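According to mature numbering (1 follows the signal peptide of the UniProt record, and there is no 0), the residues represented by the sequence shown are -24 to -1, 1 to 1018, in order.
From the three backbone atoms N, C-alpha and C, an ideal C-beta is built for every residue, glycine too.
Being a predicted model, the structure only gives us computed values, none of them experimental.
What follows is a short report on a single structure.
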Amino acid sequence: MEKLVSRSLMLILIGMATAQNIQAGERMSMPTSFKKQTTGLSHVSQQTISVKGNVRDQSGEPMAGVNVIVEGTTIGTMTDSNGNFTLNVPSTSIKIKFSYIGYEDQIVLIKNNRNLNITLNENSEMLDEVQIIGYGTQKKITVTGAVSSVGTKDILKSPVPNIAQALTGKVPGLSTIQYSGQPGADDPAIFVRGIGSLDAKRAAPLVMVDGVERSFFRLDPNEIENITVLKDASATAVFGVRGANGVILVTTKRGEEGKAQISVSTSASLQKPIRLYEYANSYDYAVAFNEKLTNDGASPVFGEKILDAFKNHTDPLLYPDMDWMELILKPTSFQSQHNLSISGGTDRVRYFTSVGILTQDGLFRSFDAGYNSNFTYNRYNYRANLDIDVTRSTLLKINLGGRLEDTKEPNTKSNLFTFLTRVTPFGGAGLYDGKWIHTSPDNIGWDKGALENADPFECFFGKGYNQRIYNEINLDLSLQQKLDFLTKGLSLNIKGSYNSGYTHRKNRYKEIPYYTAHRDPETNELFFRKFREESQLYFEESTDRGRNWYLEGSLNYDRKFGKHQVGALILYNQWRDQYPDPAQFDYVSIPRGYVGLVGRATYNFDNRYMVDFNVGYNGSENFAPGHRYGIFPAFSAGWILSEEKFMKNQSFINYLKIRGSYGIVGNDLMNTKSRFFYLPDAYNPYGTSYNFGVDVSGNRDGATELQMGNPLVSWEKAGKQNYGLDFSILDEHLSGSFDYFIEKRHDILTTRNTAPNFIAITMPVVNIGKVDNKGFELVLKWNHSIGDFKYWINGNLSYAKNKIVYKDEIPHKYPWLYETGQSVGQPFGFIFDGFVTEADLESGKLPDHKLDLKPGDAKYKDLNGDNIIDDNDQCPIGNPIYPQLTAGITAGFEYKGFDFSMLWAGSGKVSRFISAGLRVPFGGGNYGLLQYMIDDHWTPKTAETAKTPRFSGAANANNYTRNSTLWLKDASYIRLKNVQIGYTFKGEWMKKIHLKNMRIYASGENLLTFDHLKIADPEATDDKQFQYPLQMIFNIGLNLNF
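Shown next as structure tokens:
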């Protein structure tokens, strides 16, 4: 701590010191009153000696600008243009540190030797560390854009079936929202720096795998080398009309020269739902339903006999009390992942191959239906990346990858978890003696139709299954030719890609009989009535396929002239997608494509000053000729201050870089189904009919135009600014970055809402929307080693707040009704003002709620003071439904083979409505009832503590279906996203079996969640709260390296 304070004070004193150039052997002057307070400076008055020397690199070339500092002090100098230096140091034994960016530090103990010849070795790890960028790579220290990366080591820590889930909390500026945990259907929504357009549908980032647009969700994590997120205009301008929402670049692994390296990984997991809904039992349900009827002035339907049977379970076949969640769902489901990869090569040929298998079972129990109707997902990944040095100047790269997926789910017309919210605990009795038992309405006096829809067995038991088999293959060929014979540093790259996907769908369906249980009124013997005969198996199959091509050609230039490094790129590309969706016989099924030119120019002086210029010239088929092509330029610059002379004679700051960028990028999408905005939308040939001729009794089919076209429409544009700072201090133990960004999106593609009401057609797409988005990203990393003990703590915090600057809205009477000025996804609703009391009714001052209010009903604030509660009293409430704040904290250690890590991730400044299906008692009719509704609802006895209104079918529209602050909840959460502990075995005994090392580990995913929502998962929006539940995962694994 004393050392830290000393160095901090030193930095302050340097800032206060008189500015002057530091000549060889001179010290920076500072106020006399501060000299005695500075550690190490008091020794300057002691006897000194003069140390001279020369510093060269490994090739023997003199090095100018090398830092030469007496360790622990600010006494220092820099080498001159010939690599020479002279420095006065205390006569006592002392250490001198030599440092230069891109080279390894060297510390020399000065005793009697006063003439030093120093050779600095390149820090290959720093110099060679490159950053993946759009259509190329760049040395990491010279990157001036906003770019973040996560490597394979961090990705593999998460035992998840979907790669995108492994990014949560690890990449600043990247937010993921996972709505479902269903095997094979668990893709999260991904946003880069929030949402910059008018809705989330058009905010998805562009994803490139090995430089080609592809999905990355289903890749095997073992084949990924790096995932890079490009965030500002400087980084994404080269993607032009596709770059407004950020870009995710996925790079797969490649082989390296050397002996074959064989890696085997295998893991087995148990999955458990993070959160399930708790439903009322039959007795509580019946009592609550009677209460509802009484509140509405009707007679109860459940008599004492039935209530007693429900409560005491005296006749469970006639009067069931089923916990459907426990009966239908298993407590855990199984998942396994296995991978074999081999890499290596010679000086001419290098290879990486990988084969992976993922198996994932569903939560539903297996009933003897003759086949498996559970959710299952099996995936088989394969990859072979080959690098061939055809000549010393010609490199051929071949990438072959793909996967086979087999997905199954129960055959049902309804989402199963939606159905589970509708079922009643007495709707059926499950399986008895091989019979599927429905509850008879004769037994409990319940509506027959309601009972038929109240047994979840109806959804999946014996009903068949849906199966989807998907096969995808990706082939990339690229040729890199050095053109040094023309000019040094020039190269030609040619790339071609073919991608094909084939889907085979199978549907199996049949009807099976069900029974109702009865008792003979005289003998009390049990008997059954059979309904519906078993039908033959219904069989249906369908196939579809899609394929696309990608072509790319580029000239690259990269050369160093002394301290000057220059680079340039000119690239042409085109992409064509054939049969994107053959099931759609409209514009969507027409082949689509893009074409573009890319330019880049970079300049770097002495690893201190960097300037980049990027430009994309792209065309989009969605716009009419004359409006298809646009130029999207971006400029960025960086300055490494720590390499300046005035920063050399201090040891507190090891690295400091500031950078900034500005550029314009575009977007040509409204959503995945919108194309050809300049043409009228698909005609509906059966949209109308007309009479023709003298026969007026028969109508003729007509056609209607669904939406007008707009030949003047063009892409939406985003002007983006980014200002960043990168640093490392305290002997590089603490490092981090800070970015502040501003985005102004304009000409947003949207349709007008203000139009004459006599136009019976959807208005055309126009460029009129405006959204501003701004925020920051902060990253801090602490790394330290104490002997064999190495530990780290890394954190990132991201904030993005948008505002709708202009949206075409119908005129409103009151300002609070406008979406303009609010955030994208801002909830609107009524302000809950408590529950109605007898005193309220007696006062006569309650606004008119368009309902005969009773004690226990919800009441709302009358915002406009007209004494009527209507739509004019709705206003912005809570935070947006998309998080404005995201964060992640990683901590861990390594010690003599042991390793431990954990990741906490969370979101803040986000709200969620409780879905109508989770807040309306009995589903507004005769459906399910959640236990919290019973616990929290208003009664005369609970008036002071109630959280939800009284039970009432008549008052549902007021109490439950109106969106209000009563049903809007804070959805901020913190989740223990991942924990992993492992041990790596090493030793001579392993060489006998040709094993380099072996690691065993245990890990967990989504183990703890702290939130305010409680009822539903905080990640799920109100329309996603009936999805297959998110899973917590308990995992054990083994890694072998040969």
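| query | Taking just the CA atoms, how far does N594 sit from Y687? | reply | Locating residue 687 in the sequence shown gives position 711, where the first residue counts as 1. Locating residue 594 in the sequence shown gives position 618, where the first residue counts as 1. Tyr is not the amino acid found at residue 687; the sequence shown has Pro there. P687 and N594: Cα-Cα distance of roughly 18 Å.
| said: Can you look up E(-23) in the DSSP assignment and give me helix, strand or coil? | reply: For the purposes of this step, residue -23 is taken as residue 2 along the sequence shown, with counting starting at 1. With a pLDDT of 39 at E(-23), under the threshold of 50, the predicted position of this residue should be treated as unreliable, and no value is reported.
| message | Between which two residues does the beta strand (DSSP E) holding Y259 run? | response | Stepping through the sequence shown from its first residue, residue 259 is reached at position 283. It is not in any beta strand (DSSP E) - Y259 instead sits in the alpha helix (DSSP H) that spans 258 to 271.
| query | What are the boundary residues of the alpha helix (DSSP H) that includes A211? | reply | By 1-based counting over the sequence shown, the position of residue 211 is 235. Segment 209 to 212, the alpha helix (DSSP H) holding A211.
| Alpha carbon to alpha carbon, how far is S369 from Q457? | Working through the sequence shown from its first residue, we reach residue 369 at position 393. Working through the sequence shown from its first residue, we reach residue 457 at position 481. Cα to Cα, the separation comes out at about 6 Å.
| By DSSP, does Y356 sit in helix, in strand, or in coil? | As a working mapping, residue 356 is identified with position 380 in the sequence shown. Looking at Y356 - three-state DSSP - the assignment turns out to be strand.
| field | Cα-Cα separation between F10 and T49, rounded to whole angstroms | value | Along the sequence shown, read from residue 1 onward, the residue named residue 10 stands at position 34. Along the sequence shown, read from residue 1 onward, the residue named residue 49 stands at position 73. At F10, the pLDDT of 29 sits below 50, so the modelled position is not reliable; the number obtained from the coordinates is stated separately. Cα-Cα distance, rounded: 15 Å.
| field | Best match in V205, T519, Y790, K757 for proximity to Y478 [C-alpha to C-alpha] | value | Along the sequence shown, read from residue 1 onward, the residue named residue 478 stands at position 502. Comparing Cα positions, the closest option is T519.
| request: Have a look at Y782 and V800 and give me their C-alpha separation to the nearest angstrom. | output: The sequence position of residue 782 within the sequence shown is 806, counting from 1. The sequence position of residue 800 within the sequence shown is 824, counting from 1. Distance between the alpha carbons of Y782 and V800 is about 11 Å.
| message | So the candidates are D809, S275, I203, N64; which of them puts its Cα closest to the Cα of T228? | response | For the purposes of this step, residue 228 is taken as residue 252 along the sequence shown, with counting starting at 1. For the residues D809, S275, I203, N64, the minimum Cα distance to T228 belongs to I203.
| Strand pairing of residue 1048, partner residues [DSSP] | No answer is possible for residue 1048: it lies beyond the span of the chain, which begins at -24 and ends at 1018.
| request: Note the first and the last residue of the continuous alpha helix (DSSP H) segment covering residue 1038. | output: The structure shown has nothing for residue 1038, since the chain only spans -24 to 1018.
| Does any heavy atom of the ligand NAP sit closer than 7 Å to the C-beta of Y347? | The ligand NAP is not among the ligands present in this structure, which contains no ligands whatsoever.
| said: Helix, strand or coil for L617? Go by DSSP, reduced to three states. | reply: Within the sequence shown, numbered from 1, the residue matching residue 617 stands at position 641. If DSSP states are grouped into helix, strand and coil, L617 belongs with the helices.
| query | What are the boundary residues of the beta strand (DSSP E) that includes W880? | reply | Locating residue 880 in the sequence shown gives position 904, where the first residue counts as 1. Residues 874 to 884.
| query | Between which two residues does the beta strand (DSSP E) containing P249 stretch? | reply | On the sequence shown, position 273 is the one that residue 249 refers to. 234 to 249 is the extent of the beta strand (DSSP E) around P249.
| query | Can you tell me whether DSSP reads P1005 as helix, strand or coil? | reply | Working through the sequence shown from its first residue, we reach residue 1005 at position 1029. Reduced to three states, the DSSP call for P1005 is coil.
| query | So, do the stretch 999 to 1015 and the stretch 967 to 977 have three or more beta carbon pairs nearer to each other than 8 Å? | reply | yes
| By DSSP, does T95 sit in helix, in strand, or in coil? | The residue labelled residue 95 in the question sits at position 119 within the sequence shown. If DSSP states are grouped into helix, strand and coil, T95 belongs with the strands.
| task | Give the DSSP bridge partners of D987, in chain order. | result | Numbered from its first residue, the sequence shown carries residue 987 at position 1011. For D987, which the question treats as bridged, DSSP gives the partners Y949.
| Considering only residues of the same chain and omitting the five flanking positions on each side of N387, which have a CB-CB separation below 8 Å? | If you number the sequence shown from 1, residue 387 lands on position 411. So the list reads S349, F436, K439, G440, Y441, N442, N483, R484, Y485, once near-sequence residues are dropped.
| request: Check each candidate in M646, A256, G882 and name the one with the smallest Cα separation from G771. | output: Residue numbering aside, residue 771 sits at position 795 when the sequence shown is read from its first letter. Looking at the Cα atoms, G882 is the closest of the given residues.
| Going by DSSP, which residues form a beta bridge with I857? | By one-based count along the sequence shown, residue 857 stands at place 881. Paired residue(s): none; I857 is not in a bridge.
| Alpha-carbon spacing of K12 relative to I86, whole angstroms | Residue 12 sits at position 36 when you count from the first residue of the sequence shown. Residue 86 sits at position 110 when you count from the first residue of the sequence shown. Because the pLDDT of K12 is 32, which lies under 50, any placement of that residue in the model is unreliable, and the number read from its coordinates should be weighed accordingly. Going from the Cα of K12 to the Cα of I86 covers about 25 Å.
| query | Is the beta carbon of D208 less than 8 Å from the beta carbon of G110? | reply | Position 232 of the sequence shown holds residue 208. Position 134 of the sequence shown holds residue 110. No, the Cβ-Cβ distance between D208 and G110 is not below 8 Å.
| field | I108 - DSSP class collapsed to helix/strand/coil | value | Start at 1 with the first residue of the sequence shown, and residue 108 comes out as number 132. Residue state, collapsed to three classes: strand.
| field | Sequence-distant residues of the same chain with beta carbon closer than 6 Å to Q541, five excluded per side | value | By one-based count along the sequence shown, residue 541 stands at place 565. Hits under 6 Å: N580.
| Residue(s) in a DSSP beta bridge with Q457 | If you number the sequence shown from 1, residue 457 lands on position 481. DSSP output for Q457 lists T370, L468 as bridge partner(s).
| task | Report the partner residues of V123 according to the DSSP bridge assignment. | result | Numbered from 1 along the sequence shown, position 147 holds the residue referred to as residue 123. Looking at the DSSP assignment, V123 forms a beta bridge with L206.
| task | Taking all protein chains shown into account, decide if residue 1019 is buried (16 or more other Cβ within 10 angstroms of its Cβ) or exposed. | result | With the chain represented from -24 up to 1018, any question about residue 1019 goes unanswered, as that position is not in the structure.
| Secondary structure, beta strand (DSSP E): runs of 3+ residues fully inside the stretch 734 to 786 | 741 to 762, 765 to 782
| Just the Cα atoms here: how many angstroms apart are S940 and D809? | Along the sequence shown, read from residue 1 onward, the residue named residue 940 stands at position 964. Along the sequence shown, read from residue 1 onward, the residue named residue 809 stands at position 833. Rounded to the nearest angstrom, the two C-alpha atoms are 10 Å apart.
| Mapping DSSP to helix, strand and coil, what is T128? | The residue labelled residue 128 in the question sits at position 152 within the sequence shown. DSSP places T128 in helix when its eight states are reduced to three.
| message | With three or more beta-carbon pairs closer than 8 Å as the criterion, would you say the stretch 863 to 877 touches the stretch 183 to 198? | response | no
| task | Confirm, please, whether the CB-CB distance from A140 to I166 is below 8 Å. | result | Your numbering for residue 166 matches position 190 in the sequence shown. Your numbering for residue 140 matches position 164 in the sequence shown. Taking 8 Å as the Cβ cut-off, I166 and A140 qualify as a contacting pair.
| request: Express the C-alpha separation of V886 and N843 in angstroms, rounding to a whole number. | output: Locating residue 843 in the sequence shown gives position 867, where the first residue counts as 1. Locating residue 886 in the sequence shown gives position 910, where the first residue counts as 1. Cα to Cα, N843 sits roughly 32 Å from V886.
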